[in-house]
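Numbered per my numbering, the sequence shown finishes at 322, counting up by one with no gaps.
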Amino acid sequence: MHFTEEALDELTISLREEKNRHAVPRSTIADINTFLEKKMPCCSDEDYTICSLAYKTMANYVADVPENARFVFGLIKENIPVIPNETQASCSKIDLSTLNFFIQVQLILLNNIFTTTKEMMTKDTCCLIVEKLFRLVSFCETHMIDIDGYLIIEILDECQPIIKEIEIRQFLLLRDFCLMLSAKARSEDDADLSQSAANVCIKYSLSLDCSTITNGEKEAIFFKLYGELSDKVDEQILLNIVYEFRICTDAFLDNLISLFFDPNTKRLKIEKFVPMSLLLLSNEIISEEKMDGLLSKISLDDLVSFYFNKVYPNLQPKHPF
2 MHFTEEALDE
12 LTISLREEKN
22 RHAVPRSTIA
32 DINTFLEKKM
42 PCCSDEDYTI
52 CSLAYKTMAN
62 YVADVPENAR
72 FVFGLIKENI
82 PVIPNETQAS
92 CSKIDLSTLN
102 FFIQVQLILL
112 NNIFTTTKEM
122 MTKDTCCLIV
132 EKLFRLVSFC
142 ETHMIDIDGY
152 LIIEILDECQ
162 PIIKEIEIRQ
172 FLLLRDFCLM
182 LSAKARSEDD
192 ADLSQSAANV
202 CIKYSLSLDC
212 STITNGEKEA
222 IFFKLYGELS
232 DKVDEQILLN
242 IVYEFRICTD
252 AFLDNLISLF
262 FDPNTKRLKI
272 EKFVPMSLLL
282 LSNEIISEEK
292 MDGLLSKISL
302 DDLVSFYFNK
312 VYPNLQPKHP
322 F
């Protein structure tokens, strides 16, 4: 079945009324999806434009009508979001604003489905969506296409309770995106988006699948993230990650001691993020033997004095570290 821009636009407008969302036959929506599938991959501005209108029609159709959301998700779950073709996107004949609209309406459709009903969502499906979102973000960065950070964050937030445990490498991609988005939002004085991005990243960091990496890889990740610490959000994320890592080896403890203390004076040599660093260190002391090893390499009197003179007076109830 063929659809014109005018027909899709008219249907989209009519679907702003909830009564019309209940009235439109499912066969019409299925035909629109078939029309979309036959148009993929898009090869021109015209293709992207009419496919965008088709996605917009479905986005309106699913809004606040759970049975519609379940039906449409069954049609599109293997295919959305669609990442535009790299070669086509690099072609000057494809307008970036057209690509932006194509991407935006897909995100709106996904978000409308999630906010309407999540009962048909599985962990595998959400993991696939998250993976494709990262690819989409990478695509947009490469081609300097603006992307709606709020929509991405909302979808990631909706996926988290379903995914629960995320693979560590995927989490690192999520972290990079969330922190980049948070920094961009701060530069634009968008405190809400900055905080939302940080909250989503913290939420995912609470449950990580680390079964695919070695202790050596865990240490490498830790030292990289420690070197990138910049604020309280980074601190909380790193604390969560280290707790999930559960390295607890003598080598890691020794490396932490070397990172935080001068081997000659046995005094603290770090000046930033001291409370969090000490908390990281304390989490690795899981036996009397490890405690003895720590005490032999640090000046306890100096550490106690430093803590009560420099750290304790600055602690806040909301930020104990």
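We put the CB at the ideal spot given by N, CA and C, even for glycine.
Given the structure is predicted, the values throughout are model-derived calculations rather than measurements.
Neighbourhood of residue i by C-beta, 6 Å cutoff - its chain only, sequence neighbours within 5 removed
i                 : result
isoleucine 109    : Ala60
phenylalanine 322 : The predicted model places phenylalanine 322 with a pLDDT of 47, which falls under 50 and marks its position as unreliable, so this point remains unresolved.
serine 300        : Lys267 and Arg268
leucine 239       : Leu226
alanine 64        : Asn113
serine 15         : Asn21
leucine 76        : Asn34
aspartate 303     : Arg268
valine 66         : Arg22
glycine 228       : none
aspartate 293     : none
Test item: CB-CB of residue i and residue j under 7 Å
i                 : j                 : result
phenylalanine 140 : isoleucine 84     : yes
threonine 118     : alanine 184       : no
isoleucine 167    : serine 197        : no
phenylalanine 274 : leucine 230       : yes
asparagine 216    : threonine 250     : yes
lysine 204        : threonine 126     : no
tyrosine 49       : phenylalanine 103 : yes
alanine 186       : valine 234        : no
leucine 111       : glycine 150       : no
isoleucine 163    : methionine 121    : no
phenylalanine 36  : phenylalanine 74  : no
leucine 129       : valine 201        : no
proline 42        : asparagine 86     : yes
asparagine 241    : serine 206        : yes
Residue i, buried or exposed, once every other Cβ within 10 Å from all chains shown has been counted against 16
i                 : result
arginine 247      : exposed
asparagine 315    : exposed
alanine 221       : exposed
glutamate 290     : exposed
alanine 192       : exposed
tyrosine 244      : exposed
methionine 145    : exposed
lysine 39         : exposed
glutamate 159     : buried
serine 98         : exposed
phenylalanine 309 : exposed
glutamate 19      : exposed
glutamate 236     : buried
tyrosine 56       : buried
valine 305        : exposed
isoleucine 30     : buried
phenylalanine 224 : exposed
isoleucine 51     : buried
threonine 58      : buried
isoleucine 81     : buried
Residues of its chain near residue i, where Cβ-Cβ distance is below 8 Å and the 5 sequence neighbours each way are ignored
i             : result
aspartate 210 : Glu166, Ile167, Glu168 and Ile169
arginine 17   : Asn61
leucine 295   : Leu254, Ile258, Leu282 and Ile286
lysine 311    : Val275
serine 45     : Lys94 and Ile95
Contacts around residue i, its chain only, beta-carbon distance under 7 Å, and the 5 residues preceding and following it disregarded
i              : result
leucine 54     : Glu6, Leu9, Asp10 and Thr13
leucine 282    : Leu257 and Phe261
isoleucine 214 : Ile169
isoleucine 148 : Ile104, Val138 and Cys141
arginine 27    : Phe72
aspartate 32   : Met2
lysine 219     : Cys211, Phe246 and Ile248
Subject >> At least 3 beta-carbon pairs within less than 8 Å: the segment 129-143 vs the segment 172-192 >> reply: yes
**OP:** Please list the segments of the alpha helix (DSSP H) lying wholly inside the segment 24-57, counting only runs of 4 or more residues, in order along the chain.
**Re:** 27-40
Original post:
What runs of the alpha helix (DSSP H), each 4 residues or longer, lie entirely inside the segment 118-154?
Top reply: 124-143
Original post:
At which residue ranges does the segment 223-284 contain complete alpha helix (DSSP H) runs of 4 or more residues, listed in the order of the chain?
Top reply: 233-246, 251-261 and 275-284
**OP:** Can you check the segment 150-229 for any alpha helix (DSSP H) of at least 4 residues that lies completely inside it and give the ranges in chain order?
**Re:** 150-164, 169-188, 192-206 and 216-228
**OP:** Only counting runs of 4 or more residues, tell me where the alpha helix (DSSP H) segments fall wholly within the segment 65-116, in order along the chain.
**Re:** 67-77 and 87-91
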